[in-house]
Structure formats: C-alpha cells, structure tokens
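Undergrad: Residue numbers (the UniProt record's numbering): 1 to 1184. Cβ coordinates follow ideal geometry from the N, Cα and C atoms, glycine included.
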Amino acid sequence: MATPPTAFNQGPPGQIPRPRPPLQQQQSAPNLSQRRFPGPQGVLPNSPAMFRPQRPAPGPGGFAAAPAPGQGSSPNGVPGNPAMAFNARSQSQDSFRPMGAGQPIGQPGARPQLHQQDSFRQNASPQPFGQQPRPAMQQQGSFTQPGQPLGPRPGLQPSPSPGLAARPGPDLQTSAPNGFPAPLQSAQSQPSLGSGVPLGGPPAQQPGPASLSTSSLTNDMGNMQIGPGAGARSARSRRQYAKSPATSTGDLYSPAGGTSGPTPAAGAQPYGQQPGGVPMGRPGMPVGLGQPAPMYGQPPAPAFPIPGAGQPPVFLQQQQSFSGMQPSGVQPGMQPGMGFQPGMQQPGMQPGMQPAMQPGMQPGMQPGFQPPMQQGSQPGFQQPQPGFQPAMGHGPGPAGPAAPARSRIDPNQVPSPITVQEADQALYEDAPFSTMSKSVPPLPSTTFKAIDDGNCNPRFIRLTTYNIPCTEELSNTTSIPLGLIVQPLAELAPDEEPIELVDFGEKGPVRCTRCKAYVNPYFLWTDGGRKFVCNLCSIENEVPPEYFMNLDMSGRRMDLMRRPELRKGTIDFAAPKGYCQRDPKPASYVIAIDVTWNSIQSGLLKQVVEGIRELLYTGPKSIPAGTKIGIITFDKAVHFYNLSPGLDQPQMLIVSDIGDMFVPLNAGFLVDPHESRAVIENLLDTLTTIFEGNRTHEPALGAAVQAAHAALKGTGGKISVFHTMLPTFGPGLLKNREDAKLFGTEKERTLYEPQEYFWPKLGQDCAADGVSIDMFLFPTSYIDVATIGSLSALTGGELYVYPNFDAGRDGLRVAKDLITSLTRTFGFDALLRVRVSNGLKVTDHFGNFYMKNVTDVEMGGIDSTKAIGVGIKHDGKLDEKRESAFQAALLYTTATGERRIRVHNISVSNTSLLGNVFRYADMDTTACYLCKAAVAQTVNSTLKQVRERLAEKCVKVLAAYRKHAASSSSPGQLILPESYKLFALYTLCILKLKAFRGGPDMPTDIRVYNMRMLKALGVTESVPFLYPRMMQLHDLVSPYGEIDQKGLVKLPPSIRVSAERLNPAGAYVLENGQQMIIWLGRGIPGTFLKEVFGVDTLEAVDSKLKVLPALENPTSNRVRMILSRIQQERPRYLYLQIVRQQMDQFGDIEFHNLLVEDQNSDNLGYVDYLINVHRQIQMELSSS
1 MATPPTAFNQ
11 GPPGQIPRPR
21 PPLQQQQSAP
31 NLSQRRFPGP
41 QGVLPNSPAM
51 FRPQRPAPGP
61 GGFAAAPAPG
71 QGSSPNGVPG
81 NPAMAFNARS
91 QSQDSFRPMG
101 AGQPIGQPGA
111 RPQLHQQDSF
121 RQNASPQPFG
131 QQPRPAMQQQ
141 GSFTQPGQPL
151 GPRPGLQPSP
161 SPGLAARPGP
171 DLQTSAPNGF
181 PAPLQSAQSQ
191 PSLGSGVPLG
201 GPPAQQPGPA
211 SLSTSSLTND
221 MGNMQIGPGA
231 GARSARSRRQ
241 YAKSPATSTG
251 DLYSPAGGTS
261 GPTPAAGAQP
271 YGQQPGGVPM
281 GRPGMPVGLG
291 QPAPMYGQPP
301 APAFPIPGAG
311 QPPVFLQQQQ
321 SFSGMQPSGV
331 QPGMQPGMGF
341 QPGMQQPGMQ
351 PGMQPAMQPG
361 MQPGMQPGFQ
371 PPMQQGSQPG
381 FQQPQPGFQP
391 AMGHGPGPAG
401 PAAPARSRID
411 PNQVPSPITV
421 QEADQALYED
431 APFSTMSKSV
441 PPLPSTTFKA
451 IDDGNCNPRF
461 IRLTTYNIPC
471 TEELSNTTSI
481 PLGLIVQPLA
491 ELAPDEEPIE
501 LVDFGEKGPV
511 RCTRCKAYVN
521 PYFLWTDGGR
531 KFVCNLCSIE
541 NEVPPEYFMN
551 LDMSGRRMDL
561 MRRPELRKGT
571 IDFAAPKGYC
581 QRDPKPASYV
591 IAIDVTWNSI
601 QSGLLKQVVE
611 GIRELLYTGP
621 KSIPAGTKIG
631 IITFDKAVHF
641 YNLSPGLDQP
651 QMLIVSDIGD
661 MFVPLNAGFL
671 VDPHESRAVI
681 ENLLDTLTTI
691 FEGNRTHEPA
701 LGAAVQAAHA
711 ALKGTGGKIS
721 VFHTMLPTFG
731 PGLLKNREDA
741 KLFGTEKERT
751 LYEPQEYFWP
761 KLGQDCAADG
771 VSIDMFLFPT
781 SYIDVATIGS
791 LSALTGGELY
801 VYPNFDAGRD
811 GLRVAKDLIT
821 SLTRTFGFDA
831 LLRVRVSNGL
841 KVTDHFGNFY
851 MKNVTDVEMG
861 GIDSTKAIGV
871 GIKHDGKLDE
881 KRESAFQAAL
891 LYTTATGERR
901 IRVHNISVSN
911 TSLLGNVFRY
921 ADMDTTACYL
931 CKAAVAQTVN
941 STLKQVRERL
951 AEKCVKVLAA
961 YRKHAASSSS
971 PGQLILPESY
981 KLFALYTLCI
991 LKLKAFRGGP
1001 DMPTDIRVYN
1011 MRMLKALGVT
1021 ESVPFLYPRM
1031 MQLHDLVSPY
1041 GEIDQKGLVK
1051 LPPSIRVSAE
1061 RLNPAGAYVL
1071 ENGQQMIIWL
1081 GRGIPGTFLK
1091 EVFGVDTLEA
1101 VDSKLKVLPA
1111 LENPTSNRVR
1121 MILSRIQQER
1131 PRYLYLQIVR
1141 QQMDQFGDIE
1151 FHNLLVEDQN
1161 SDNLGYVDYL
1171 INVHRQIQME
1181 LSSS
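1. Excluding the 5 residues preceding and the 5 following Val854 in the sequence, name in chain order all residues of the same chain whose CB lies nearer than 7 Å to its CB.
2. Got a sec? Which residues, its chain only, sit under 6 Å from Leu1089 by beta carbon, not counting five neighbours each side?
3. Using three-state DSSP, classify Ala402 as helix, strand or coil.
4. What residues in its chain sit with their C-beta under 8 Å from that of Met775, if we drop five residues either side in the sequence?
5. Using the three-state DSSP reduction, which class does Leu891 fall into: helix, strand or coil?
6. If you draw a straight line from the alpha carbon of Arg900 to that of Thr893, how long is it in whole angstroms?
7. Do you know offhand how far Met561's Cα is from Phe662's?
8. Does the beta-carbon of Val1173 have 16 or more other beta-carbons within 10 angstroms, so that it is buried, or is it exposed?
9. Just how far apart, CA to CA, sit Ser781 and Val608?
10. Counting only the same chain and skipping the five closest in sequence on each side, list residues whose C-beta sits under 6 Å from that of Tyr850.
11. Could you tell me which whole beta strand (DSSP E) segments of length 3 or greater appear in the stretch 513 to 591?
12. Using beta carbons (cut-off 7 Å, strictly below), is Leu943 in contact with chain C?
13. Are there 16 or more other CB atoms within 10 angstroms of the CB of Phe548, so buried, or fewer, so exposed?
14. Given a cut-off of 7 Å, decide if Leu670 and Gly628 are closer than it, judged by their beta-carbon atoms.
15. Does the stretch 909 to 921 come close enough to the stretch 458 to 468 to have 3 or more Cβ pairs within less than 8 Å?
16. Which partner residues of Asp844 appear in the DSSP bridge assignment?
17. Please state the DSSP three-state secondary structure of Arg902.
18. Report back the beta-carbon spacing between Ile632 and Ala592 to the nearest angstrom; my notes put them in contact at under 8 Å.
19. Since I believe Ile1006 is in contact with Lys994 (beta carbons under 8 Å), could you give me their beta-carbon distance rounded to a whole number of angstroms?
20. Could you tell me whether the Cβ atoms of Arg813 and Tyr1135 are closer together than 7 Å?
21. Could I get the ranges of all uninterrupted beta strand (DSSP E) runs contained in the UniProt domain "Gelsolin-like" (1050 to 1122), with 3 residues as the minimum, in chain order?
22. Please report how far the alpha carbon of Thr715 lies from the alpha carbon of Glu610, in whole angstroms.
23. Just the Cα atoms here: how many angstroms apart are Ala426 and Leu832?
24. Got a sec, what are the start and stop residues for the beta strand (DSSP E) Ser1038 sits in?
25. If I measure Cβ to Cβ from Ser864 and keep anything under 7 Å in the same chain, skipping five residues before and after, which residues do I get?
26. Quick test of the definition: if touching needs 3 or more C-beta pairs under 8 Å, does the stretch 1174 to 1183 touch the stretch 971 to 986?
27. Sorted by chain position, which residues of the same chain lie with C-beta nearer than 8 Å to Tyr1027's C-beta, five sequence neighbours on each side aside?
28. Quick check: what's the CA-CA separation for Ile600 versus Leu818?
29. Assuming Phe846 contacts Gly869 (C-beta within less than 8 Å), just tell me the rounded distance between them.
30. Assuming the contact rule is C-beta atoms closer than 8 Å, Trp597 and His674 should be a hit. Round their C-beta distance to whole Å, please.
31. Measure the beta-carbon distance from Glu496 to Lys449 and round it to whole angstroms, keeping in mind my assumption that it falls under 8 Å.
32. On the premise that Pro586 lies in contact with Thr1004, defined as a C-beta separation below 8 Å, what is that separation, rounded to the nearest angstrom?
33. Using a threshold of 7 Å, state whether the C-beta atoms of Lys852 and Asp875 are closer than that.
34. Excluding the five sequence neighbours on either side, which residues of its own chain have a C-beta within less than 6 Å of the C-beta of Gly871, listed in chain order?
35. Are three or more beta carbon pairs between the stretch 642 to 649 and the stretch 695 to 711 nearer than 8 Å?
36. Can you tell me whether Ser244 is buried or exposed? The criterion is at least 16 other CB atoms within 10 Å of its CB, across all chains shown.
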C-alpha cells in the first residue's frame, strides 16, 4: 500500500505546530477491513475499524517491535535517521522514523514504540527518568552536541523584559521509554559564575526538530523557576504526524507581555502601575510613603509567604527598569541571567555599599526577588491605581511603611488556557475531526466540524479519559475519576450532517437479548449473517429474519452502506407503540404568571406579557408547529382563561378553593396560538389593566403548579412559572429559614435541601407524567430556591433567578430567556439509560432528573443544553486487546409529537499503562464531572469538606503523575502532565464559584441557584463558566469585527482574565456563558465613547444599556458585530452589563470576581495557588 503524503499542521505565525497524539491502539489489523477480535471468528469485518490505519506487528510482550539497527535505530532505542529534518510516515502508518542520533524521545510528531521491559520501572542507567544521556561537559540549560563548543543558539535573543534571564531551555520530552508521558522539564538551576561557562553564552545549534515547550515548574534546591515554555500550546494534534521547525523560540513567552492577548496601546502603562513598572499609590501621596489601609472597593495588598511552605522559592523575575539599565533589564557589565550577586553594585549605590535587604526577604534571597504570596492583606505594600475594584470578601488591611517597588513572577510563564485553546483551534481551522481518528477530541472551546464515522460526535459524549485503565487498581492510582458527560440533544454545528432517522417498524430496532443494547457499528456479524455478537456483553444473538443479510468475502454485511445504524455513532430510531406510555402528541406549554402586588409594581407582568407576544407573533423565533399554549395567572386564587378561537374575547374562570385544585375547562384552555391569535392578543393587551389595582401579597404558587400539571397530565409538555416571593399561602406553604448562624456549621447543608416534602413530591409526579417545569424567580428577599427550585431540578427543567428585579435592567433578559427556553430543541417524557461493556459498571448519575431505580434517569423534559454526569467503576479486569464500549440511549417525544430513541455509541481502547491514561485524558470533561459530583456531595457534607476534597483531588492527580511518571526527577520539581497542566487553575476556578466558595456574604438562594446550574451544564458551557473569556474592544483593526470567508465574525484574541491585563484607557468585554460585561476604564478616550455609545464622557454612559446603539461608524459596527458573534456561540441569552471603572461599584466588584487568575473570592491567585499545590504534592510524596 502506498504511503500517504505527510500532512502538517501549521499553527499561528511564530508558534510551533504541535501533534495531537493518537489514542493507544493495542491490537493490530491485518488489513483495512478487518481487526482482531477475541472469539471464534476473530474478525470484526463490517466495523468502522475498516477505516483504521494499519499497525506494526506486535513484538515481544505484545508491544510494537522497534526496527532492527540496520533499519535506522538510534542509540536510545528510538528509530532514528540523522538525515531526517522532520517526521515522516513509514510504510506502516503507525511506525515512526527517527530524528537524529541522541535526539530526546518524544519530539513533535514522533512517538516512540513502547517496550515491555521498560514499563513501570526506571531505566538501569543513572540518567534521570525519561531523559537521555548528556555529554560529560554539556551544561544543562544549553543546546549542544557532543564535540561542539558552547555557543549562542541561533535566533535566540535575550529577553527584552528587565531582569529576566534569557537562556535557552534543555531538550524536553513528551514520552519516555516506559510508555509514560515523560515530564516536560525546564532547565535546571543556573551554574555559578565560577563555572567558566557564561550564562546565556553561545551553545551550538542542536540538530533535528526543536524541543517541545515545557509544562514544568522547576524548583531545584529550593529555588522554583518557571520554565521558558510553560503554558505554551498543548501538544494536541489532529494528525498523528507533524512537521517541526528547527527552533522553538515561537513557543517561548515574552516575559514582558507574553503571547496570550493584545498588548496595551503604545505608551500606556500596565494597569495599576506608573511608568517604570512602579505600583501606583493613592492620589496625593508620594511614592514610597506609607499607604493607608485599602478602603472598601480597593484591592487587597500582596501578601507574604504561605505559612508552612518552608523555604520560599526564588522566582525568575521582572525587575523594575531604572535609568542607566540596559533595555533587556541587565545592568551594564552583567551577563544575562546573572541577577544581582553579593558584592555587585546596584543602580544608585555608591561603590562599596552593600545592597539593603528588602522587606519580606529571607536570608539567602537575592534582592529584587519576592517570595510567594498568600491570601490576605499585609502592611508595607503600595496600592495599585485608585479605583481598582477588588473581589468581595476582603476587608481593609493595616497600614504600614511602604516597601520599595518589588518584582514578581511573570504570569506568562505559567500554563495558560489561552495558548492551549488557540493552538487547538488552529488545528481545526480548516480540517474536520473524524470521530474514528483515535485521537483526543478537540477541546470544548474549539469551533470544529466533526465527521461521524463510527463513534458519536464529542458534542454528545465526552469521556474523562480515552484510554480506559484495565484494572481498578490502575484507575485508583491515577486518581482521575472514570466517567463521562452525556448531552443527548446537543446542537450540531451548521455544517455537520444531521442525525439520520431509522424506522424498524412495529418490532422496533434490533437489540441484544441479554443487555438490551441497540444495534450499532460494533456488533460482530457471524455465521454468514445469521448471528451477531454484542459488543457490550459479548453474547451471541440470533439475527431477526427481517434483518438478515449475507456477508461479503471480508465478513461485512452487504447492505452496510444502506444501513446508517451500522456506520454512524449516533442514530435516531423511530419508537414503536411498545415504547409509549401514552399516545404521542405535540408538546403543550402552560405559562403561569404571578399577579400579586410585587409583580405589578416591579413591572414584571408587563415584561412577561411582551415576552409572550414576541414568542408567539412578532419575534424571529416561534414555538414548533402543532404545539398548544395555555395561560394561568395566580395570587391567592388561580385564574384560567378560555382562549377558544370562536370567542370575541377571552373568558376568565377563577378557582378560589385551592385546597382541591382542578381545571375548570375541558376545551379552550390549551389552544393553537395561530388559530386563537385574536383572542390571545386581546388577553395580552388587557392583563396589566385587569390586575393593576391588585394588593394581594400572598401568591398560591403550589396550587398554580398543581393546576398546570393537571392540564398537561394527559399530553406532557412544559410549564413556565413566573414567581416573586416566598410561598406562604396555600399548598406547600414555606417559612423563612435563612440563618447566617448556620453558615460554616454542620447544619448548613440543611439549607440546601427542600424543607417541605410537598414540592419534591409534586416534581416527581410531573416528571412521571412527562411534564418539565421552568422556574423564573424574582426575589427581593429569601425565596427558598432549594425548595421551590426542586420542581425544575426533578423534572429536567431550567431555573432562572433575577434578584431585585428591575424592569429597565432585567426586562429584556426575562423576555429573551422565555423565548429561548421554549424555542430550543426540546424533548419531553424522556428516559435515559447508559450501558457499558463487560468489566465496567455505572455507579453514579449527576444532574437534574428523577430516578425510580438505579439505572433509568427519568426527566419530564430535556433540552439541548442539559447534560448528565455518569460515574463508572470497574467490575472486573479489562482485556487490553479489546475495547471498552459505551452506549447512551434516550427515549423521548419530540416537540412535534414523534416518539424516538436517540442512541449514542463510543468505543475506546483499554490500557495497562498509567502514562496512557494521562496522555489521553480530557481535563475539561474531568472538571465538569467534578463540579457535578461536588454539588451532589453538598447534601451530606459541609461546604468546607467539599472544597477540601476538590483541592485534595487536584493534588492526588498531579502527585500520581509525579510519583509514577517522573519519580526520578528532582524532588523540588513540579511536573505537570501535558493533558492536565491546567488542572490546578481549573480547580482554583471551581473553588471560586459561587456554589462552593466560603464566606457569609453568599446568600443561600444564590448559592443553590449556582449549584443547580452546575448540575445541568455540559462540558462546552462549563469551560467559559469556570474560566471566562475576555477580549479588548478598543483599538480594533481589520479583520477583527469583520465577516471572514466562512461567514463568521472574526473575534479579537482572548486575554487572560487578570487585572494586570487591563489598560485603564481601554474597553474590554468579558463573558462566561451566562452574562456579558463591558468594562470601561477610567481613562477611556472620548472618541471611543462617542463612536460606540454616542456620548463624550464616561459619566454620560448609561450603565443600564442592554443593547448598544447602532451608530454609523466602523468602531460601532465592529463592537456590535463582536458582541453578536459571542451571543451566537452561546445557547443562553447573555444579558449585557456596562461597568464603568470607579463609578459602578457593585458591577466593578462582580467584574473583578470573574478575573479568576487574581486573588479574590476568598481564594489565592493562580500563581500562588500553583505554589501551594506544589507544596501539597511534595507533602503527599513524602508521606507515601
């Protein structure tokens, strides 16, 4: 077979393309149409495996054999060819050619073959684990070859950032001989000046492709250093092979600004600093004098080292730039990377003077360095620019003498989500993702096109790892939770193929007689097509006569191409009558509106009426054809409306006996909105007038929901409830149980449970009858979301909370939320079951639903945004030569009244190597899964215990990798696996969520609302919710804000969410999938305000604007196009909030709380938390 041409993935200019490793494939295939399968036949002829590439024949122990020495072996055992400048495919598509003698293992595009004798043990050589021998005279931190003098690396210049040593890093590794993803390490500690090797001196160029960027934080001899490429783009690649350029400078971060986003305008100082990088003091106070304690609304000061952390690490730093220093920050006469040494003269010192020790320094620390920071304010630090708003929860700190301007670690040197996401997006910019490619799927944040050729689209199912551990012991060793997130009705991309519908008639689809699995591409057809072997339980079944088909010479069914259920990972089956509890009918919607005094006075009733009008008649979206609608209003009584099309005006029927609720109408309540348009519009016009003088303060919420449930009991559908206050009248009346004294105690968890059984029972009844409930709550005080919100939690509905509702601020949002909830893809009367193959079992389910048994998830309704977490454990030992299969089947009724079964299938490899579990792990899915699991724990544990478990899980996962994959590295090194290098940041983001963070300032209703939201979020939505996206809006140039060749608006680069990235003379948009904030700096130019808002000053900007004015100028068009594109990417309506620095206090606090890399929300900043995690890992390793 001819070798296909080598394909290369090119990233953005200046970036090194990174390969995405293919998933571990344990078995080999004899040809393109067959694969090994244990059993009498041994071949799965008509499986999607026929599209898989060939594998090299297994060597000793079942592993791929390395080529003979004469065929190009390198000294380290990796196939090599010194003449090769880049990787190329050999005749066997998964074998690899080498990249030079002595080349480190794991260069881009070349994965070494695994050898059994190297698995799970260290090499016999004294070299560090996973590293190659170095020449005796080679100095770490330089690029050399044996026999070549040390010299400068071509193209590598000293860093322009003051004081940061510009030194090349060592050769880095992505895989080790034992099959682990080898630790990506940075250079070791710098040699002394007496070593005879000038720092930054000229090492010779190394042959072969450039080394990969590091994901390690090095801490040798107590001195932590951030590697030159830490946080660079992840080594993810759509293809198995990729070309690598000769240098890696494109992956090195510039310490001054980095590559994570646009830099401030020319001449603008960093946010909160004066020229020269000196922190800015308060107005009227000279720099260097003591600063008073920060006022409320001012940021907390930096802090001293973490208690108990031992010797503080010394960082690579950005020293302040003083006159007389070199542009690169190196003092004249110094060499790059030297720093200030004892006896050296600092700027401004007289000869012979010794440098004074800076406050907070410990003995042995160099001046200009600072120890790690901890949470809290400390005296002796200057405050950033006035008006900088902090996170809530930080009080004023004590005043003290000011410390000199201090340098700190460059945040660009730690792993960044921005670089990882941008690199992954570049891989799929113009190329689709094949679901059978056996590679890790694109990141949830990536815009991609998936081709379903056997496994389901990752939009429907994502696994926490795509190599399943063979044993429970191995799974426990990694500490990575084994599970999946299923989003059954997720929306497809516009250019993806729609899901095909297959009708098997009255007998229904073919299923396994034992485990009831549905027919899928992984069934093995035997006995000439008369039998099939189930891929989940391995039982042989008889093929129904009507489904029989002969097999061809290769063992495939001859009707394979006409059977989408045998080729597609996702399929819809038409459900026969045996799958229906009632005759399927189109969905019906009931809208129940609170018409008490609160609703009338706040303007809520008027906004809901306008939302209904837009939904039914005037808006671009409408409810599906054939659906019916009914309207209920309620105060102390429940009001029904006869909307029959033959009436001239609607008729109101009042039920005052709410203790025995019933529906007084047999016909005319649920009507076609188009047939009864005149009557419905008449009702909408008069509703506000009818209840204008209502003074009732006690809404009978329970009775209203009972009435709506009774109306939908025979058909199923959705109830949308608009409610304003704690129900203290009628069935299910509640009392105010909010008690701040319970916060932080064992009894706090009782606040997160329903206080009255009436509400959970009502929710379960609705779910059983195929009715889901969306709750729209508008509290001005405690409303007990934990209790009345259980209606939506148990029925698969949505919960919306609008605290202190203001019609001008929230009115548009209410209307848009109502429209979105009733027009997106929706199924009701739903039941979900997840099946797994032999050796595994389903143990947990996390989400908003109701379960009568341990296997079936029942939901009154489910829409395209709802996702469910599924926990999986081992039920035996898995065969490494086979695959693990997962099947999720959803039985539901569409909004148009069709009963269907949607089936998602995915099959992945098993592995006995811990390294492969990490290599093919999906960190985003793990973070989403942990959020759902943590919410479930709040019922039985305190919030403090939940937070501790989350932090402990982060430490255990990273410590497991450190212990088993990098055990020979220096004990002071923090080694981060490539797939999990952002795990510490995401854990910190979870701890900062309103659902989990501590403090008495978080109302119970808001906390519970966020908990219920997390339980329903899919992976794609959870990523921005954890780590928001921020982009600049000022100084936009082409092509940003313009439509590209794909018809999409080009967005500006994302910026890391930290206050340090903000230019006080700039404008930024920040969104997290739930809300959108435009932050306007105090020094924003008037020209920008004029072009975007139509005003000349910041004071004149209306902070209650929900839609930007359409002004005829390029800047206005670009900004509005960017906001429109962001809204199109999110399934929920993003309500807009304008925040003006120093003017909108509460908005500024909310904005800065979303800057998750900063110290806020009663938690550390990113860098400090990473240091804390490092210390905990060291303690974990020492204790084990």
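TA: On the basis of the data shown:
1. none
2. Val1095
3. Residue confidence for Ala402 is low, a pLDDT of 39 falling below 50, so the modelled location carries little weight and cannot support an answer.
4. The beta carbon of Met775 sits closer than 8 Å to those of Val721, His723, Ile788, Gly789, Leu791, Ser792, Gly797, Glu798, Leu799 and Tyr800, all from its chain and outside the five residues before and after it, given in chain order.
5. strand
6. 6 Å
7. 54 Å
8. buried
9. 21 Å
10. Spatial neighbours of Tyr850 in its own chain (CB-CB distance under 6 Å, excluding positions within 5 residues in sequence) are listed in chain order as Gln764, Ala767, Leu794 and Glu858.
11. 524 to 526, 531 to 533, 540 to 542 and 570 to 574
12. The structure shown contains no chain C; it holds only a single protein chain.
13. exposed
14. A quick correction: the sequence has Lys, not Gly, at residue 628. Closer than 7 Å, so yes.
15. yes
16. Gly871
17. strand
18. 4 Å
19. 6 Å between Cβ atoms; contact.
20. Yes. Within cutoff.
21. 1067 to 1071 and 1075 to 1080
22. 27 Å
23. Inter-residue distance for Ala426 and Leu832 is about 36 Å (C-alpha atoms, whole angstroms).
24. Run containing Ser1038: none; DSSP gives neither H nor E here.
25. Leu489, Ala490, Glu491, Arg824, Thr825 and Pro1131
26. Taking 8 Å as the limit for Cβ pairs, the verdict is that the stretch 971 to 986 does touch the stretch 1174 to 1183.
27. Pro417, Leu985, Tyr986, Cys989, Val1057 and Val1156
28. 19 Å
29. Contact check for Phe846 and Gly869: beta-carbon distance about 4 Å, within the 8 Å limit, so the pair qualifies.
30. About 34 Å separates the two Cβ atoms, so there is no contact after all.
31. 6 Å
32. So it is not a contact: roughly 39 Å between Cβ atoms.
33. no
34. So the list reads Gly483, Thr843 and Asp844, once near-sequence residues are dropped.
35. no
36. Reliability of the predicted coordinates at Ser244 is poor, the pLDDT of 32 falling under 50, and no value is obtained from them.
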